[in-house]
Amino acid sequence: MRGEVRRSGLLARRTIRKHPGLVGAILVLSLIAGLLSNIALVMLTQHSASLEAKAAQWDSPDVVAVLPQDERAGALEADLRSDGRITDLEVADGVMIQGSIPYSGSSLPSGFLFHDIDDLPSMGRWDVSSRAREPVDDPVWVPSTLQESGGYELGDELVLTSPMGRRAFHIQGFVESTYGGMPPMGILWFGLPSQDFHDLQAEAREHVAGLRAEPGASGRSAVPPPGWVPSAVIKARVQGGSGAGRELIAESAAEHGVTGAWDMDRELVSLANRTSVGLVAVVVLLFSSMITAMSVLMLVFMLRGAIREDLEAIGMLRAMGFTTGGVMRPMVLCLAVVAALGAGLGAGLGHAVLPLLSRMLRAQTGITWRAHADPMLLLGCAAALGAVVLASGALVARRASRITTVEALRGGQADHSFARVRLPLQRTRGPLALLLGIKTMLAAPGRTLLILVVSAACTLASVFSASGLGMLSDRDSALSLLLGDSLPDVTVVAQGSDGVREAVSRAEGTAGVEAAIPFDTMPETVNGVSTLLLVVDDAEDLPRSPVHEGRPARHPNEIVLGPGLAQSSGVEVGDTWTATREGVATEFLVTGLASGAANFGTFAMLTRQGFEQLAPGAPLSSVGVFAAEGADTGAITDSLQKELGSSAQVLNTRGSLGVQMESYTRMIPLLSRTLMVFTGLVVVLVVCLMTASLVARSRRSSGLLKALGMTARQASARLRWSVLPPLLAGTALGCLAGPALVRPILGAMLSGVGIKQITTDIPAWPAYAAGAVILVTAMAAVRLATRPLGRLTAYCLLSE
């Protein structure tokens, strides 16, 4: 037994000594595959679990509602307390205001909820991630997203612009919590010291009382008053899930006439957190799988070449009593162990990258995620890649057992062998080095196919990174893609039908406007789910239709569903969809399915009459303005606001959504560049290894050709031309196929977040630029790999 182990060790060491290029390439490729796989798996398995653990630690409620503080809020609270499905309920004071703050070099319009930072609740607590050492004037505690994505630091001035004017605060600390820390959710929660909060609350009550005392004012207005609004923050745990809680709140709010309420649940927050993480992880896993496949292909080819080179040694060992398995097993096991070690090392190195990803994810969620080393994941990555290499090597080595001992001693030459002569030199015209190189290429179809496949696959991957992910890294393109043409670029909130007609007329005459139509976006709780209803009568007037299947809704009983609603309801075009709002059910015929990530795909499009059937009495007085391609939505907003004056409010919808999505699109460029570097490295590594192996096997033939009068340049050119044709063909194939495949690949990748059609233009020049860079780099690597041949004399080559 000890002798067998010793012999296996000697054969394994011989493999490392005789094939260092193969061992090194497998080690590097396994390291890259292990690094990418471990990063993706850690993100998928740990990030969401970490956020859920934080939510449990903070006793986060299932559902949160913020509504104006009056007798209607008290009645809603009483209804919830008397309902048996509410297992726990807590109500806190707050002050709401609509305004904007400077954010990441732009302006972020949002709702802001001020609360007492010193009054720690029993439900929905928070952590202070950092605080200023010294007290600051007008202190405020803000979500940590403002630090990671908004560009703020401790002690910085924070200016809130609202209908009440400008108000300056200074950041005392950054906090982390489940709710109130993500700009796309619509409300940011700011904490004030107790005394400052009570002063603000008194100011808000005085402001609202003054508005209600004005002639003609109603204490039960359908629209919340502008400025500071004293609010009730209702937090509840619900038996039956978050959707049941939101439905209860919606029913009670409708019964008591509550307006201006905002609600959110943990399921929607979790969905928002999982979406971006899952998207990035899937892309990384795809690239990791591609690199693993390249490793297997290269292993198969190189192992076959190594077996051919070692046939004489294998024949001698078999003549001395060794079995084929006893000879090949140590070689394959050695390569499998090298692959496992490389994958394990790469998985370990991946943890050095995770802190950077943690900061990027903190900019999206507002919660710090600290990844921890998982031994099972490390071992799993190492074992999986080692097993793949072992299985591939075993299949290749099995072919060696079919060769007889005598045939192996002759170097694999059979008793009778005939080889077809391709490109006979006496009949083929052309440069000698070129013809000899092509003859060498045709004589080794396996190597040629490997270089062709690897260069095509890696070029295709680089094209996708440069064009597809590069398009997502551009904010305007990403917004057009994510919104799916379902929301206008600019929204005008007018007063009454006359104001709507005037706004449409003024907008149509504004420079840069492509279309302006009555268009309302109404958030409603339908079937217990927060749903964004897009109300538009003439959907055919939209410059770009978001409907990717079927047709728009034209009649009161028709509706178009967004991807989230269609998937959760399980309906298709032609089915009947029942919408239950405030306990009243309304049936609609589904005439189409729309594309878009607005409200995470949970939206629907219907006519004005259809919306009035679903929500009678709801005010509809908005205009959707669609900008022409390349137009500045900020300039359109300013121009319209100046023309309409105080009679309407003009909102830069696209600009505000762009600021909110900044943290999501920020990691795309880093991901794109990293994956392009890795795929380029794979091409260079494989080409260098193929060329170096070819140089090593052709030293004697090159020496003979140099002795017969061939120059060193011609000898090197002969070897280069045996590699360059498949390299050129593979790169060209990847460049041609890449632009055609980017759109369907991107569509399949984004379908999970609601993008069912890719309408955004994808530039072609990054595809050709990526292909050119890969080609030039690979050609330089080939030239460098053949340089040693030119420095050796014919005598040295022939005497080996």
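Note that full-length UniProt numbering has the sequence shown beginning at 1, numbered continuously upward. Every residue, glycine too, gets a C-beta built ideally from N, C-alpha and C. The structure presented is a predicted model; accordingly, all values stated were derived computationally and were not measured.
Rounded to whole angstroms, T87 and G734 show a C-alpha spacing of 59 Å.
For K756, the three-state secondary structure derived from DSSP is coil. Taking the C-beta atoms as reference points, A352 is found no nearer than 8 Å to C381. Assignment of G592 by DSSP, reduced to helix, strand and coil, places it in the strand class. Taking the CA atoms as reference points, T591 sits about 27 Å from A478. For I101, DSSP records a beta bridge to L108. Its Cα nearest to that of I758, the residue R743 stands out among R743, W765 and M749. Secondary structure at T178: coil, using DSSP grouped into helix, strand and coil.
When secondary structure is reduced to three states using DSSP, L606 falls in the strand class. Between the alpha carbons of P563 and L108 lies a gap of roughly 27 Å. Our two residues, L460 and L442, have alpha carbons roughly 25 Å apart in a direct line. Its Cα nearest to that of Q201, the residue Q69 stands out among L154, V296 and Q69.
Per DSSP, E134 lies in no alpha helix (DSSP H) segment and is marked neither H nor E. For E549, the enclosing beta strand (DSSP E) stretches over residues V547 to G550. Judged by DSSP secondary structure, I117 falls outside any alpha helix (DSSP H); it is assigned neither H nor E. Scanning its chain for C-beta atoms nearer than 6 Å, with the 5 sequence neighbours on each side dropped, one finds around S252 the residues L76 and D79, in chain order.
Beta-bridge pairing by DSSP links L188 to F112.
Setting aside the 5 residues that flank it on each side, R81 is surrounded in the same chain by L89, each with a C-beta closer than 7 Å to its C-beta; the list follows chain order. Judged by DSSP in its simplified three-state form, M779 adopts helix.
A distance below 8 Å between beta-carbons, with the five flanking residues on each side excluded, links V684 to the following residues of its chain, in chain order: T777, A778 and A781. In the same chain as R718, and ignoring 5 residues on each side of it, the C-beta atoms closer than 6 Å to its own belong to A433, L436 and G437, in chain order. DSSP, read as helix, strand or coil, puts L533 in strand.
T521 sits in a strand when the DSSP states are folded into three classes.
Apart from sequence neighbours up to five positions away, the residues of its chain that approach N652 with a beta-carbon distance below 7 Å are V490, T633, G634 and T637, ordered along the chain.
Within 10 angstroms of the beta-carbon of K54 lie 16 or more other beta-carbons, which makes it buried.
Ranked by how close their Cα comes to the Cα of V159, the residues V296, I101, S621 and S144 have I101 in first place.
With contacts defined as CB atoms closer than 8 Å, E153 and A168 fail to qualify as a contacting pair. DSSP places H170 in the strand class (E or B) of the three-state scheme. Going by beta carbons, L450 and F301 fall inside the 8 Å limit. Straight across, the Cα-Cα distance linking A732 with A456 is about 7 Å. Nearest C-alpha to Q364 among M182, Y103 and R654: M182. Excluding its 5 nearest sequence neighbours in each direction, L354 has C-beta neighbours in its own chain below 6 Å: A371, listed in chain order.
When beta bridges are read from the DSSP output, G94 appears opposite S231. The criterion of a C-beta distance shorter than 8 Å is not satisfied by E558 and L534. Closest in alpha carbon position to V463, among V677, F190 and D119, is V677. Inclusion of A494 and S622 in the CB contact set at 8 Å is warranted, their separation being smaller than that value.
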